[in-house]
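In full-length UniProt numbering, the protein residues as written are 1 to 202. Beta carbons are placed, not taken as given, at the ideal position from N, Cα and C, and that holds for glycine. Reading through the structure tokens given below for one structure.
Right under this line is the structure:
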């Protein structure tokens, strides 16, 4: 009876737990590295999101304040150009205002991704809504870019005259707004790519 007790080998409980749980849970070091990598992506996402919101706000304000009245006018008519004279520019202001509002409202979700870098739901929500915002911003910027081109160069085939020689300040504001909107589009593209990168290993 004593021999059987002396021949008995005690296996530490920690070793048995490690053998049973290691294949399922993985190494804590791997999880720390994965979380740190995704947290870095989330911080970069927040920086790009704030920059895109600033670009969209600049585009909205610039186009919304684009207005010029020429100093010469007649008794019955004055020469004035305003963004709301063109439906395309009105759509631009509304569309970029929506994109700007969305980007501001999405900042808390980006902060959640920093605090919980391995969470899937907020990142999945952001990539879907970022894609919608990207579509809206691209359509507004592209349509307005065509109108700005016509304002600068005209179209002899359609008998449309270039107006930027007379309305220089108006054209300068609208052109700057379109450039800012394309900057927002590029930043939104990077935001979608970052979200896809963060979701890639889930």
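Which of helix, strand or coil DSSP assigns to residue i
{"i": "residue 70", "result": "strand"}
{"i": "residue 166", "result": "coil"}
{"i": "residue 155", "result": "strand"}
{"i": "residue 175", "result": "helix"}
{"i": "residue 106", "result": "coil"}
{"i": "residue 119", "result": "coil"}
{"i": "residue 84", "result": "helix"}
{"i": "residue 136", "result": "helix"}
{"i": "residue 31", "result": "Because the pLDDT at residue 31 is just 42, under 50, the model does not fix this residue reliably, and the value given afterwards should be weighed accordingly. Looking at residue 31 - three-state DSSP - the assignment turns out to be helix."}
Residue i classed as buried or exposed, judged by whether at least 16 other C-beta atoms fall within 10 angstroms
{"i": "residue 106", "result": "buried"}
{"i": "residue 200", "result": "exposed"}
{"i": "residue 188", "result": "buried"}
{"i": "residue 158", "result": "exposed"}
{"i": "residue 122", "result": "buried"}
{"i": "residue 26", "result": "For residue 26, the pLDDT reaches just 46, beneath the cut-off of 50, and the residue's location in the model is therefore unreliable, although a value from the coordinates is still provided. Residue 26 should be labelled exposed."}
{"i": "residue 169", "result": "exposed"}
Cβ-Cβ distance between residue i and residue j below 8 Å
{"i": "residue 114", "j": "residue 43", "result": "yes"}
{"i": "residue 138", "j": "residue 93", "result": "no"}
{"i": "residue 80", "j": "residue 65", "result": "no"}
{"i": "residue 83", "j": "residue 63", "result": "yes"}
{"i": "residue 58", "j": "residue 151", "result": "no"}
{"i": "residue 53", "j": "residue 103", "result": "yes"}
{"i": "residue 183", "j": "residue 101", "result": "no"}
Whole-Å CB distance - residue i paired with residue j, under 8 Å assumed
{"i": "residue 178", "j": "residue 144", "result": "5 Å"}
{"i": "residue 185", "j": "residue 146", "result": "About 15 Å separates the two Cβ atoms, so there is no contact after all."}
{"i": "residue 38", "j": "residue 198", "result": "5 Å"}
{"i": "residue 134", "j": "residue 192", "result": "6 Å"}
{"i": "residue 41", "j": "residue 161", "result": "Incorrect: roughly 50 Å between the Cβ atoms, too far for contact."}
{"i": "residue 148", "j": "residue 131", "result": "Not confirmed; about 26 Å, so no contact."}
{"i": "residue 119", "j": "residue 112", "result": "7 Å"}
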